[in-house]
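Participant: Protein chains in written order, with the numbering used here: chain V, 1 to 231; chain X, 1001 to 1231. For every residue, glycine included, the Cβ atom is placed at its ideal position computed from N, Cα and C. Model, not experiment: these values are computed from the prediction.
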DNA sequence: AATCTGTTGCGACAAAAGTCCCTGACAAAA
DNA sequence: TTTTGTCAGGGACTTTTGTCGCAACAGATT
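Here it is in structure tokens:
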């Protein structure tokens, strides 16, 4: 068994909805895996291109995004180790629904559509795992639509801060502290950098957050949650 | 074989991604189907409630929507005969991700989550059909996020008009002419009625559309598409 | 005809979001 | 050290979007 197959198995087990797959299915997947390295900022694939395959993040961070004709960016997902992406194109055979690029130097592994398809048809457990992953993706997207349509930038920002605090407190994996720039927050919330600056100032003036030299600290979680829900 | 099972079979065959399922799977589904009638405006289920089951529209129209605390509505989907909804909750077992209500008097059929689950595990073709439906839903949601984040109301409206014109020209099913009110357009595009009025006036002044007593007629499809893409 | 009800038209105004621009802080690279 | 680039802070202004209010109109019902 090749070295890469061994490490691939470990990686596959890190994917939550793959964790409970039977050994032989994981092994079959592991054999089909191809590792690739990407430099910070490098494009992984572009939307509308034919399906680039199924990806798992082994190391580093990746963003999935859309660009407007005017050059504004909307980040759809921000992914770290153990996360997967491009399921949609792999599963329906259409083009990539959005573009992907590496936010940091990153190692990904990629599985071709046909391999996934054959394995999924042969192993209902895998099909079911993929279904769960798609359902989760759909829930995430619904939440995004709700945010964009029904909430102000300030409320969205409050939600983002709470979510990031959550992630950080779990402190599970090898991830580093990960400070987000205002520009990235803007791209994730569908607005511009300046709006983030203003909203942060607002929240700080109201005493909901404070700054510890370029680090944001939540000072009043309860009131921050109120802002996140209404407004 | 009961009468309702016969008509259920016909209905299932109208669902695009069920059409190619083998006969015995369709039959099994048909047996599990329960028909229900809803009056115009009636709530079918609410978000956050435990999974209400899998639904197929037999007749009438249905909307899937979110409400903001302030009472603004965002329509996620507008469904007619042959369309299905609430797959997400059925497939991941979570609560309904959004609310549903009947836009007209409607007949729906409903299948309980457990039935779908068992059948999908036993029949990979069904699992694959569900995967396709989820993937399509995800693509639709990605397009919505893109619209809300990256396009002006005017551009979104242009897209809606083009899409509706498309649907209408296909004129396939028994659907009637279906005029949409400005209020509904607003809810679908994530804005308010007045904005739709203004945008329509704009488009009319530029000569891209005209009005034939409360009916919107596309006067210049090409330029309308330009507005839809940029802006 | 009279009266609902749901719809549209439109103007005035307010708030939210986006654009432009310039500053200084800081860190990495030369 | 200088240079370069990224990032944050913030002011002034424009555009877009949302709110309020009210009149008008069409279709259905009585």
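Mind listing the chain X neighbours of residue 149 of chain V? Cutoff is C-beta to C-beta under 7 angstroms, in chain order.
Facilitator: As a first step, residue 149 of chain V must be located in the first chain, where it is residue number 149. Result: 1074, 1148, 1190.
Participant: Between the C-alpha atoms of residue 307 of chain V and residue 69 of chain V, what's the straight-line distance to the nearest angstrom?
Facilitator: Because chain V here runs from 1 to 231, residue 307 of chain V falls outside it and cannot be looked at.
Participant: Is there a Cβ of chain V sitting closer than 8 angstroms to that of residue 1025 of chain X, yes or no?
Facilitator: Against the second chain, residue 1025 of chain X aligns to sequence position 25. Cβ-Cβ to chain V under 8 angstroms: no for residue 1025 of chain X.
Participant: Report back the beta-carbon spacing between residue 200 of chain V and residue 223 of chain V to the nearest angstrom; my notes put them in contact at under 8 angstroms.
Facilitator: The residue you call residue 200 of chain V lines up with position 200 of the first chain. The residue you call residue 223 of chain V lines up with position 223 of the first chain. Not quite, the Cβ-Cβ distance comes to about 15 angstroms (not below 8 angstroms), so this is no contact.
Participant: With DSSP as the reference, label residue 225 of chain V as helix, strand or coil.
Facilitator: Here residue 225 of chain V is taken as the residue at index 225 of the first chain, counted from 1. Helix, per DSSP.
Participant: How close, in whole Å, do the beta carbons of residue 1058 of chain X and residue 1109 of chain X come, if the pair is a contact with beta carbons under 8 angstroms?
Facilitator: In the second chain, residue 1058 of chain X corresponds to position 58, counting from 1. In the second chain, residue 1109 of chain X corresponds to position 109, counting from 1. So it is a contact: roughly 6 angstroms between Cβ atoms.
Participant: Do you know whose CA, among V:54, V:105, V:151, lies nearest residue 33 of chain V's CA?
Facilitator: Position 33 of the first chain, counting from 1, holds the residue named residue 33 of chain V. That would be V:54, whose Cα lies nearest to the Cα of residue 33 of chain V.
Participant: Can you give me the start and stop residues for the beta strand (DSSP E) that residue 1219 of chain X sits inside?
Facilitator: Your numbering for residue 1219 of chain X matches position 219 in the second chain. That residue, residue 1219 of chain X, is in no beta strand (DSSP E); it is neither H nor E in DSSP.
Participant: Could you say which of X:1182, X:1121, X:1094, X:1189 lies nearest to residue 1214 of chain X if we only look at CA atoms?
Facilitator: Looking up residue 1214 of chain X in the second chain gives position 214. If we check each option's Cα against that of residue 1214 of chain X, X:1182 comes out closest.
Participant: Please classify residue 1168 of chain X: is it buried, with 16 or more other beta-carbons within 10 angstroms of its beta-carbon, or exposed?
Facilitator: For the purposes of this step, residue 1168 of chain X is taken as the residue at position 168 of the second chain. By the 10 Å Cβ count, residue 1168 of chain X comes out exposed.
Participant: Over what stretch of residues does the beta strand (DSSP E) that includes residue 1098 of chain X continue unbroken?
Facilitator: Position 98 of the second chain, counting from 1, holds the residue named residue 1098 of chain X. Run containing residue 1098 of chain X: none; DSSP gives neither H nor E here.
Participant: Grab me the residues of residue 203 of chain V's own chain with a C-beta within less than 6 angstroms of its C-beta, minus the 5 sequence neighbours each way, in chain order.
Facilitator: Residue mapping note: residue 203 of chain V aligns to position 203 of the first chain, counting from 1. The residues are 209.
Participant: Three or more C-beta pairs under 8 angstroms: does that hold for the stretch 133-151 of chain V against the stretch 1126-1135 of chain X?
Facilitator: yes
Participant: Using alpha carbons as the reference points, say which of V:89, V:117, V:36, V:187 lies closest to residue 28 of chain V.
Facilitator: As a first step, residue 28 of chain V must be located in the first chain, where it is residue number 28. For residue 28 of chain V, the nearest C-alpha among the options comes from V:117.
Participant: If the cut-off is 7 angstroms on Cβ atoms, which residues from the stretch 1138-1167 of chain X count as contacting chain V, listed in chain order?
Facilitator: 1138, 1139, 1141, 1142, 1144, 1145, 1146, 1148, 1149, 1150
Participant: For residue 180 of chain V versus residue 102 of chain V, is the C-beta distance shorter than 8 angstroms?
Facilitator: Position 180 of the first chain holds residue 180 of chain V. Position 102 of the first chain holds residue 102 of chain V. It is not a contact, given that the beta carbons lie outside the stated cut-off.
Participant: Output needed for residue 172 of chain V: all residues of its chain with C-beta closer than 6 angstroms, excluding positions within five of it in sequence on either side, in chain order.
Facilitator: Your numbering for residue 172 of chain V matches position 172 in the first chain. Bear in mind that a pLDDT of 46 at residue 172 of chain V, under 50, signals an unreliable position, so the number given afterwards is only what the model happens to contain. So no residue of the chain qualifies.
Participant: Can you find a CB in chain X that lies within less than 8 angstroms of the CB of residue 132 of chain V?
Facilitator: Translated into positions along the first chain, residue 132 of chain V becomes position 132. With 8 angstroms as the cut-off, residue 132 of chain V counts as an interface residue toward chain X.
Participant: Extract the residue ranges of the beta strand (DSSP E) inside the stretch 31-62 of chain V, only unbroken runs of 3 or more that lie entirely within it.
Facilitator: 34-38, 43-45, 54-59
Participant: Quick one: which chain V residues come within Cβ less than 7 angstroms of residue 1066 of chain X?
Facilitator: As a working note, residue 1066 of chain X is residue 66 in the second chain. Residues of chain V passing the Cβ test: 146, 150.
Participant: Could I get the ranges of all uninterrupted alpha helix (DSSP H) runs contained in the stretch 67-112 of chain V, with 4 residues as the minimum, in chain order?
Facilitator: 87-92
Participant: Taking 7 angstroms as the limit between beta carbons, can you name the residues of its chain near residue 1030 of chain X, skipping five residues before and five after?
Facilitator: In the second chain, residue 1030 of chain X corresponds to position 30, counting from 1. The residues are 1005, 1008, 1009, 1012.
Participant: Going by DSSP, which residues form a beta bridge with residue 1065 of chain X?
Facilitator: Translated into the one-based positions of the second chain, residue 1065 of chain X becomes position 65. Note: residue 1065 of chain X sits in a beta bridge opposite X:1075, X:1099.
Participant: What is the residue span of the beta strand (DSSP E) that residue 131 of chain V lies within?
Facilitator: As a first step, residue 131 of chain V must be located in the first chain, where it is residue number 131. Taken as a continuous stretch (DSSP letters only), residue 131 of chain V belongs to no beta strand (DSSP E), being part of the alpha helix (DSSP H) at 124-150.
Participant: Under 8 angstroms, do residue 150 of chain V and residue 1072 of chain X count as touching if we go by C-beta distance?
Facilitator: As a position in the first chain, residue 150 of chain V is number 150, starting the count at 1. As a position in the second chain, residue 1072 of chain X is number 72, starting the count at 1. Yes; because the gap between Cβ atoms is below 8 angstroms, this pair is in contact.
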